[in-house]
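Each remark here refers to the structure printed beneath this line.
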Amino acid sequence: MADTTSPSSDIKTESIKSKRSPRDDRIKKKQKTELARFSDGKSLVTFIVGPDPNPTEFLIHKEVVFQQSEVLAAAFNSGFKDGQTQTYRIEDTTVRAFRLFMQWLYSHNLTGLQVDPDYEYDENDDEEDELEDAEDMSLPELWVLADKFGMPCLQNAALEAIHSIMTKPSG
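Under the working numbering, think of the first position of the sequence shown as 3, with each following residue one higher.
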């Protein structure tokens, strides 16, 4: 029987493997999927979300943030304004996307109207339509937020939620 592998396919595989940087491996290893232990339950950081004049303020346990994002840990541990005030300002996302971000930080789950397997669409409910539209926009916004904070596990969760919505049979 003849060997079906060719030297060129081995070269392609090697070149793909060599394009991965050591940083990629560190990110995968460092991003933990376990939940925080809350060794310091009183240590909080503040996120101010949304544009002026009415941004929304969120408090999150510092340990939870640090465990999931090296980017945010570096910001809050720096000598810059974020680190000194323990406050991080995000003007380029929505409050709804940030709520999903918080939900995932604490539970490693994304729940929402359309992600629920028992959810049935009612085309006559205008309020439900508005909620669905907001949810449809929040998941891509969440993916962008996760990218900004170097959180590939959250990016994957957002994509899985989008995929489950897109492939769900319509009622």
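Every residue gets a Cβ at the ideal spot worked out from N, C-alpha and C, and that includes glycine.
Item: Contacts around Leu74, its chain only, beta-carbon distance under 6 Å, and the 5 residues preceding and following it disregarded; Value: Val67 and Phe151
Item: Span separating the alpha-carbon of Ala163 from that of Leu61; Value: 25 Å
Item: Nearest neighbour of Ser140, chosen from Tyr108, His63 and Asp94 [CA to CA]; Value: Asp94
Item: Cβ neighbour criterion (16 or more within 10 Å) applied to Lys83; Value: exposed
Item: Continuous beta strand (DSSP E) stretch holding Glu65: start and end; Value: Glu65 -> not in any beta strand (DSSP E); alpha helix (DSSP H) instead, spanning Lys64 to Gln70.
Item: Residues that Glu93 bridges to, as DSSP identifies them; Value: Paired residues: none, contrary to the question.
Item: Enclosing alpha helix (DSSP H) for Thr87 [first to last residue]; Value: Lys83 to Thr87
Item: Same chain, Cβ closer than 7 Å to Ser17, five either side skipped, listed in chain order; Value: In this prediction, Ser17 has a pLDDT of 40, which is less than 50 and means its spatial position is unreliable; nothing more can be read from the coordinates.
Item: Short Cβ contact (9 Å threshold) for Ile167 with Asp149; Value: no
Item: For Thr113, the first and last residue of its enclosing alpha helix (DSSP H); Value: Element bounds for Thr113: n/a, residue is neither H nor E.
Item: Neighbourhood of Gly52 by C-beta distance below 6 Å, restricted to the same chain and skipping five residues each side; Value: Thr58 and Val97
Item: Counted within 10 angstroms of its Cβ, other Cβ atoms place Tyr108 as buried (16 or more) or exposed; Value: exposed
Item: First and last residue of the uninterrupted beta strand (DSSP E) at Phe49; Value: Leu46 to Val51
Item: Of the listed residues Leu144, Arg91, Thr89 and Asn56, nearest to Leu102 (C-alpha basis); Value: Leu144
Item: Cross-strand partners of Glu59 (DSSP beta bridge); Value: Ile50
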